[in-house]
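These notes concern the structure reproduced below.
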Amino acid sequence: MIKKGCLFLILTSQLSGCVFPELSSSPVYITNAAEPIKKSQSKQIFVLPEAIPVTSPDFEKIKLRVPKAPLVQTIQQQIESLILETGNQLTDRTGIAQTDQMIRSEILQVSPNLTALIPSSDYMIYPRINVEPLTSRFEQGYQYKGRKGELQSVPTTCFYAQTVKVTAHIYDVKADKEIAAVDMIGKQTATITPKVPTHRCPMSQAHQQAMIVNAARKAVLYHKNDVANYIKPVGPVLQLRKTDNGDSYLVKIALGTSNNVKAKMEIEFSRLKQGKAYKLGVGYIINNPDAIQPNYAWVTVKKELAQHIQRGDMAAPIYDICTNNLAPECMFESYTNLTQMEETAL
0 MIKKGCLFLI
10 LTSQLSGCVF
20 PELSSSPVYI
30 TNAAEPIKKS
40 QSKQIFVLPE
50 AIPVTSPDFE
60 KIKLRVPKAP
70 LVQTIQQQIE
80 SLILETGNQL
90 TDRTGIAQTD
100 QMIRSEILQV
110 SPNLTALIPS
120 SDYMIYPRIN
130 VEPLTSRFEQ
140 GYQYKGRKGE
150 LQSVPTTCFY
160 AQTVKVTAHI
170 YDVKADKEIA
180 AVDMIGKQTA
190 TITPKVPTHR
200 CPMSQAHQQA
210 MIVNAARKAV
220 LYHKNDVANY
230 IKPVGPVLQL
240 RKTDNGDSYL
250 VKIALGTSNN
260 VKAKMEIEFS
270 RLKQGKAYKL
280 GVGYIINNPD
290 AIQPNYAWVT
300 VKKELAQHIQ
310 RGDMAAPIYD
320 ICTNNLAPEC
330 MFESYTNLTQ
340 MEETAL
């Protein structure tokens, strides 16, 4: 009789017996890629915090409501968490003598010398923050009669939306140049029923500050895959095998737990031609602890892809928060309706 846990693995990974892949499959000969890649090492990444976290033209109107320290800290924490998720490391700030302001000044130069300022870093991420003015909409309360003649009341309501845009500037420190600027937009909504109905829809400073911080957090959370694509690890294809009891194929890649690779993670395969990567297809990390080791992992792929795989082809994870993260935000399709804050009084 097959154990329940093993049955699940058969259905999801097309492996039988809950055994190590090599023991349930046979090797398949594959040719060597003309341009084999080398496994990327863990990168040292420096996160440069924003100095003045507002570049909105309406800054003078809202500057007193912008929580500078919490806003910068929230974005810093989200980006640092992303870096660790991709298997990279944070640059140790104790080894950097230069102040953040000196680094900000340097990147404004025509030919910045980042290597001299942060020599231990491979990349630098500089998030620039733009807090947009709070928008509001007023709906007057009213009464109506129900089906049985009873009087129903709809209260006066104020609807609010706070948007924050974070642009992550990504620098290749060794090359002393910017390689990407990723725009990330987050929105926090709120619905409030004021005690005293008024078309002005006022909001407390503390409430708006909380909305700003939440919008910034969502901006990074929902677009972090776009940033991860520039710093994600890559590894070569090592081996191809075919399962003994079916038509499933397994690819061994030089990425493992040391690169924060996890079960069921989607893996993209590509081939280099004259230095440019061409996509071959995707597979999924097998949902079996024995199939994921520190320096390698096994990926299940379809026959169509297996027929084109070569030793040395490039494998890279595709980061999807809602595939590998049980965050409450993933339970909803639209982040604009998440965590609506409600107050009964201002």
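In numbering that gives the first Met the number 0, the protein residues as written are 0 to 345.
By construction, the Cβ of each residue, glycine as well, lies at the ideal position given by its N, Cα and C atoms.
The structure displayed is predicted, hence computed values, not measured ones.
query: Whole-angstrom distance between G86 and V298, CA atom to CA atom; result: 18 Å
query: Assigned exposure category for A230 - 16 Cβ within 10 Å defines buried; result: The question names Ala, yet the displayed sequence has Ile at residue 230. It counts as buried.
query: For R216, the three-state DSSP class (helix, strand or coil); result: helix
query: Spatial distance of G282 from A276 (CA atoms); result: 17 Å
query: Whole-angstrom distance between Q187 and G280, CA atom to CA atom; result: 36 Å
query: Cα-Cα separation between V226 and V181, rounded to whole angstroms; result: 7 Å
query: Collapsed DSSP secondary structure at Q77 in the structure displayed; result: helix
query: Sub-8 Å separation of A290 and I252 beta-carbons; result: no
query: Contact under 8 Å by Cβ, T155 with E138; result: yes
query: Helix, strand or coil at T93 [DSSP, three-state]; result: helix
query: Within 8 Å, strictly: CB atoms of K278 and E267; result: yes
query: Alpha carbon of A205 to alpha carbon of K241, nearest angstrom; result: 60 Å
query: Inter-residue Cα distance where the pair is I36 and L83; result: 23 Å
query: Counterpart residues of L239 in DSSP-defined beta bridges; result: V27, V250
query: Alpha-carbon spacing of P118 relative to V172, whole angstroms; result: 8 Å
query: Stretch pair the stretch 29 to 49 + the stretch 301 to 320: three plus CB contacts closer than 8 Å; result: yes
query: Within 8 Å, strictly: CB atoms of K147 and G185; result: no
query: Counted within 10 angstroms of its Cβ, other Cβ atoms place E49 as buried (16 or more) or exposed; result: buried
query: Cut-off 7 Å between Cβ atoms - residues of its own chain near Y122, not counting five sequence neighbours on either side; result: K42, I44, I169, Y170, D171, V172, I230
query: CA nearest to the CA of I74, picked from G140, K223, L249; result: K223
query: Beta carbon of T90 nearer than 8 Å to that of S120; result: yes
query: Simplified DSSP state of D225, which is helix, strand or coil; result: helix
query: Where the alpha helix (DSSP H) through L116 begins and ends; result: 113 to 116
query: Counterpart residues of P288 in DSSP-defined beta bridges; result: For P288, which the question treats as bridged, DSSP gives no partner whatsoever.
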